[in-house]
Amino acid sequence: MARKNQTLGEFIIENQSEFKYSSGELSRLINAIRLAAKVVNHQVNKAGLVDILGGVGDTNVQGEDQQKLDVIANEAFINTLKNREIVCGIGSEENDDFITVEGHNDDHNNKYVILMDPLDGSSNIDVNVSVGTIFSIYRRITDPGTPVTLEDFLQPGRNQVAAGYIIYGTSTMLVYTTGHGVNGFTLNPAIGTFYLSHPNMKFPEEGNIYSVNEGNYTHFPQGVKNYIKYCQEESENRPYTSRYIGSLVSDIHRNMIKGGIYMYPKSSLNAKGKLRLLYECNPMAFITEQAGGKASDGYTSILDLQPTELHERVPFFCGSKKMVEKAEAFMAESL
Ligand code: AHM
Ligand code: MG
Numbered sequence: 001m002a003r004k005n006q007t008l009g010e011f012i013i014e015n016q017s018e019f020k021y022s023s024g025e026l027s028r029l030i031n032a033i034r035l036a037a038k039v040v041n042h043q044v045n046k047a048g049l050v051d052i053l054g055g056v057g058d059t060n061v062q063g064e065d066q067q068k069l070d071v072i073a074n075e076a077f078i079n080t081l082k083n084r085e086i087v088c089g090i091g092s093e094e095n096d097d098f099i100t101v102e103g104h105n106d107d108h109n110n111k112y113v114i115l116m117d118p119l120d121g122s123s124n125i126d127v128n129v130s131v132g133t134i135f136s137i138y139r140r141i142t143d144p145g146t147p148v149t150l151e152d153f154l155q156p157g158r159n160q161v162a163a164g165y166i167i168y169g170t171s172t173m174l175v176y177t178t179g180h181g182v183n184g185f186t187l188n189p190a191i192g193t194f195y196l197s198h199p200n201m202k203f204p205e206e207g208n209i210y211s212v213n214e215g216n217y218t219h220f221p222q223g224v225k226n227y228i229k230y231c232q233e234e235s236e237n238r239p240y241t242s243r244y245i246g247s248l249v250s251d252i253h254r255n256m257i258k259g260g261i262y263m264y265p266k267s268s269l270n271a272k273g274k275l276r277l278l279y280e281c282n283p284m285a286f287i288t289e290q291a292g293g294k295a296s297d298g299y300t301s302i303l304d305l306q307p308t309e310l311h312e313r314v315p316f317f318c319g320s321k322k323m324v325e326k327a328e329a330f331m332a333e334s335l
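Right under this line is the structure:
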């Protein structure tokens, strides 16, 4: 049972039995993510001090080269996960190929693969705007005892056993699901503890916010253009409000709380959109469905798509159920 003010550590232990396979490994994995999140949070909070502490290409006082924050975040997550020997493989936006984790005695017996975007929306860092980490977890499908394969990563989003995001915002939050609803935990930075602050998060069924990069309007398919015009019309509860941070985690987090739709359609500039299916769209779609919302590529549920490549892109429509259905209706009309 979720109780407000419960710490994330307590919550993980008390809800362990909800996991389909409750060997404790998934709990340890969430714990590892919690730890890496705190490391990255600390680094993100220091980002504004870059002129004082040194920037990319500079050398710090220990004689080490300063790295970009997305590289630091990637290393923080990879090292934390590798050291704990819970996953057999890691796929990251920052790495062309997946990483094989041999595990204890090199026996390849760890059960889970994780896919992640360690620091999404990183162009926002220089201007002090919220960024996020996104993660997606599957059980491997090939036999344990053998090295992980690409097949283990290319599973439809429906197979996810857990997914979540960390938002480094005005406060830092970790929001995740293991398929039993969505819960959000806020970090108390003074003591480094996440507390349950948003139990059982739900997308309002209908909302009045639309989030899309309208600078690309002329390049969008006709159905998307028509839906955007619909959002702007004076009728019933419209025009809707336009809000676009350009940071996927932040835009969806806000829309989940307030009600809204996020769109990154394909365009004549990006034939498959921009966002990555495996570590951006699938985890956000799993969270969204668990929160009563809907996520699609305009026609098909994101979670039903069969991935073919580690870094493949897909158009993305995600948010309040009725809004996504309306957008889909506009897309279908102009096929
Ligand atoms: P990134 O993985 O390179 O950070 O790109 C993903 C980000 C999303 O967070 C955001 O929604 C989108 O790109 C913004 O793209 P654009 O600037 O084209 O609107
Ligand atoms: Mg990204």
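For the sequence shown, the positions run 1 to 335 when our numbering is used.
We put the beta carbon where it would ideally sit given N, CA and C, even for glycine.
Predicted model only: the values in this text are computed from it and were never measured.
Would residue i pass as a contact of residue j if the rule is Cβ separation under 8 Å?
i      : j      : result
Lys294 : Lys326 : no
Met173 : Gly260 : no
Ile30  : Ile12  : yes
Ser123 : Ile167 : no
Gly184 : Asn255 : no
Cys281 : Val314 : yes
Gly192 : Lys4   : no
Ala162 : Thr177 : yes
Tyr227 : Phe330 : yes
Looking at the unbroken alpha helix (DSSP H) that takes in residue i, where does it start and where does it end?
i      : result
Ile191 : From DSSP, Ile191 is part of no alpha helix (DSSP H); its letter is neither H nor E.
Ala332 : 321-333
Tyr227 : 222-232
Ile33  : 25-45
Gly164 : Unbroken run through Gly164 is the beta strand (DSSP E), 162-168; no alpha helix (DSSP H).
Ile302 : Looking at the DSSP string, Ile302 is not in any alpha helix (DSSP H), and its letter there is neither H nor E.
According to DSSP, simplified to helix, strand and coil, what is residue i?
i      : result
Arg243 : coil
Asn79  : helix
Met201 : coil
Pro118 : strand
Phe98  : coil
Pro196 : The sequence as given places Leu at residue 196; Pro does not occur at that position. Leu196 falls in the strand class under three-state DSSP.
Arg238 : strand
Arg3   : coil
Ala73  : helix
Ala291 : coil
Val127 : helix
Tyr112 : strand
Asn216 : helix
Asn15  : coil
Val249 : helix
Gly273 : strand
Would residue i be called buried (16 or more neighbouring beta carbons within 10 Å of its own) or exposed?
i      : result
Ile209 : buried
Asn110 : buried
Asp336 : As displayed, the chain neither begins before 1 nor continues past 335, which places residue 336 out of reach and without an answer.
Lys266 : buried
Ala291 : buried
Ser92  : buried
Asp70  : buried
Gln306 : exposed
Thr170 : exposed
Ser268 : exposed
Determine the extent of the beta strand (DSSP E) in which residue i is found, giving its start and end residues.
i      : result
Gly132 : 131-139
Ser211 : 209-211
Thr177 : 172-177
Ser296 : 294-296
Gly89  : 87-92
Is residue i near ligand 3, with its Cβ less than 7 Å from a heavy atom?
i      : result
Glu280 : For ligand 3, the structure offers nothing, since it holds only ligand 1 and ligand 2.
TODO: Check each residue's C-beta against every heavy atom of ligand 1 and list, in chain order, those closer than 5 Å.
DONE: Asp120, Gly121, Asn213, Gly246, Ser247, Leu248
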